[in-house]
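Student:
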Amino acid sequence: MDLFRGTTNDAEQQKVLSLDRGLFFVNYKSADDAVSPPHVVVAPAEGHERRMEIILHPDATEPTLWQPNSGLVVRVNTPGTLQVQVQPARLGGSRAAIVRVEQIQAGHAPAAFGENNSARIPTDVATDGLKVLGHVAGRGDVVVGPNAWIAGPTAPSRVEGVALEWPDKPAGVDIRYAVQFANGQSGSGKMVPLGTYAGTRGRALPLTAVVLEMSGSDDLRFVAEAGFLNAPTLRAVGRRVVLSGPTNREPLVGIRIGIEHTATAEQVAAPAIPRKSGGSARVRVFRSQQRQASAAR
Numbered sequence: 013m014d015l016f017r018g019t020t021n022d023a024e025q026q027k028v029l030s031l032d033r034g035l036f037f038v039n040y041k042s043a044d045d046a047v048s049p050p051h052v053v054v055a056p057a058e059g060h061e062r063r064m065e066i067i068l069h070p071d072a073t074e075p076t077l078w079q080p081n082s083g084l085v086v087r088v089n090t091p092g093t094l095q096v097q098v099q100p101a102r103l104g105g106s107r108a109a110i111v112r113v114e115q116i117q118a119g120h121a122p123a124a125f126g127e128n129n130s131a132r133i134p135t136d137v138a139t140d141g142l143k144v145l146g147h148v149a150g151r152g153d154v155v156v157g158p159n160a161w162i163a164g165p166t167a168p169s170r171v172e173g174v175a176l177e178w179p180d181k182p183a184g185v186d187i188r189y190a191v192q193f194a195n196g197q198s199g200s201g202k203m204v205p206l207g208t209y210a211g212t213r214g215r216a217l218p219l220t221a222v223v224l225e226m227s228g229s230d231d232l233r234f235v236a237e238a239g240f241l242n243a244p245t246l247r248a249v250g251r252r253v254v255l256s257g258p259t260n261r262e263p264l265v266g267i268r269i270g271i272e273h274t275a276t277a278e279q280v281a282a283p284a285i286p287r288k289s290g291g292s293a294r295v296r297v298f299r300s301q302q303r304q305a306s307a308a309r
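Note that the numbering used here has the sequence shown beginning at 13, numbered continuously upward.
1. Using only alpha-carbon positions, find the residue among VAL155, LEU219, VAL96, ARG252 that is nearest to TRP178.
2. What would DSSP say about GLU272, mapped onto helix, strand or coil?
3. Quick one: what's got a C-beta closer than 6 Å to THR76's C-beta in the same chain, skipping five residues either side?
4. Pairs of beta-carbons, one from the segment 248–267 and one from the segment 222–234, closer than 8 Å: are there three or more?
5. By the 10 Å Cβ neighbour count, where 16 or more other Cβ atoms means buried, how is ARG309 classified, buried or exposed?
6. Can PRO263 and LEU246 be called in contact, C-beta distance under 8 Å?
7. Can you check which of these residues, LEU219, THR90, ALA72, ARG261, is closest to LEU84 by C-alpha distance?
8. Out of ALA183, ALA243, SER42, ASN89, which has the shortest C-alpha to C-alpha gap to ILE67?
9. Under three-state DSSP, which class holds GLU61?
10. To the nearest angstrom, how far is it from the Cα of VAL111 to the Cα of GLY201?
11. Helix, strand or coil, according to DSSP, for THR93 in the structure here?
12. Tell me, which residues are paired with HIS147 by DSSP?
13. Could you confirm whether any beta carbon from chain C is found closer than 8 Å to the beta carbon of LEU246?
14. Alpha carbons only, please: which of PRO49, VAL47, GLN95, SER42 is nearest the one belonging to LEU31?
15. LYS181: which of ALA138, ARG102, GLU237 sits nearest, CA to CA?
This is the structure:
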């Protein structure tokens, strides 16, 4: 879509776009004033900074396109709002420009033998080899297995970084994750691959959010819980989960992460005959796999 056209010199040139999850190319096509072309400033709308990241050219230092035939990429993790503004290069200068935003399609690999594009994972694949490292204030690095707390309800403490390892990960399954800080420190929100440490050490910078993503299989998903200061414990289930406090600024003081087989978790059990000894069992089935599903426990 073209955002700006024409020869507007005096009116404010600004557009606000609502973008779905995906990848978008912001392309500064041309300007009327070839000598002193206006520049294009791209930024998330206020309050939507955590929903997207702006990918710059390696030589660029800020999300500003200074001349035509330049561009940048916006990666939208969850639907959000983007602001695009054209500003004159000099006082009274031209704001006339053509800026285009184009969605980049991911595409899909050809399906083999009529199967879908995600690998089928045998139900006997072990998920207990997952290792989670957390850097805890005052304790240092703590390594646990799946579904085990780092800090947590019984021993809450500031968590400053995490890393995931899974030596037995099935081929074709890709896992990435990111952490966020309240003050927008460098690296905040950057997705990293399995085995990479995300966070800080010894800088007293607690995490305020953790994002987990899994692709390549419909048969596996994350089961995660997190505790944030002065907030209820959150539980999230899915191939992409986001864990954060009510205001996105509460420090993370406990986390546990596991991986489960989707088919096993979603089996519908036959009605059971109540036991005479009393008591009841509650089965909770989570069906949302691709969107964030978190609930206060």
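Note that beta-carbon positions come from the ideal geometry of N, C-alpha and C, so glycine has one too.
Tutor: To lay it out plainly:
1. Counting from 1 along the sequence shown, the entry for residue 178 is found at position 166. Nearest C-alpha to TRP178: VAL155.
2. Taking the sequence shown and counting its residues from 1, the one referred to as residue 272 is at position 260. If DSSP states are grouped into helix, strand and coil, GLU272 belongs with the strands.
3. To locate residue 76, count along the sequence shown from 1; it is residue 64. For THR76, same chain residues with a beta-carbon under 6 Å away, outside a window of 5 residues either side, are HIS51, VAL53 in chain order.
4. Contact between the segment 248–267 and the segment 222–234 is present, with at least three C-beta pairs closer than 8 Å.
5. Start at 1 with the first residue of the sequence shown, and residue 309 comes out as number 297. Summary for ARG309: the model assigns pLDDT 44, below 50, so the residue's position carries little reliability; its value from the coordinates is reported in the next sentence. With fewer than 16 other Cβ atoms within 10 Å, it is exposed.
6. Working through the sequence shown from its first residue, we reach residue 263 at position 251. Working through the sequence shown from its first residue, we reach residue 246 at position 234. Result no, Cβ atoms of PRO263 and LEU246 do not sit closer than 8 Å.
7. For the purposes of this step, residue 84 is taken as the residue at position 72 of the sequence shown. Looking from the CA of LEU84, the closest CA among LEU219, THR90, ALA72, ARG261 belongs to ALA72.
8. Translated into the one-based positions of the sequence shown, residue 67 becomes position 55. Answer by Cα proximity: ASN89.
9. Within the sequence shown, numbered from 1, the residue matching residue 61 stands at position 49. GLU61: helix per DSSP, three-state reduction.
10. The residue given as residue 111 occupies position 99 in the sequence shown. The residue given as residue 201 occupies position 189 in the sequence shown. Computed Cα separation, rounded: 27 Å.
11. Start at 1 with the first residue of the sequence shown, and residue 93 comes out as number 81. In this structure, THR93 counts as strand in the three-state DSSP scheme.
12. As a first step, residue 147 must be located in the sequence shown, where it is residue number 135. Assignment of beta-bridge partners to HIS147 by DSSP yields ASP153, GLY173.
13. Looking at the structure shown, chain C is missing, and only one protein chain is on hand.
14. In the sequence shown, the residue the question calls residue 31 occupies position 19. Taking only the C-alpha atoms, the option nearest LEU31 is GLN95.
15. For the purposes of this step, residue 181 is taken as the residue at position 169 of the sequence shown. Ranked by how close their Cα comes to the Cα of LYS181, the residues ALA138, ARG102, GLU237 have ALA138 in first place.
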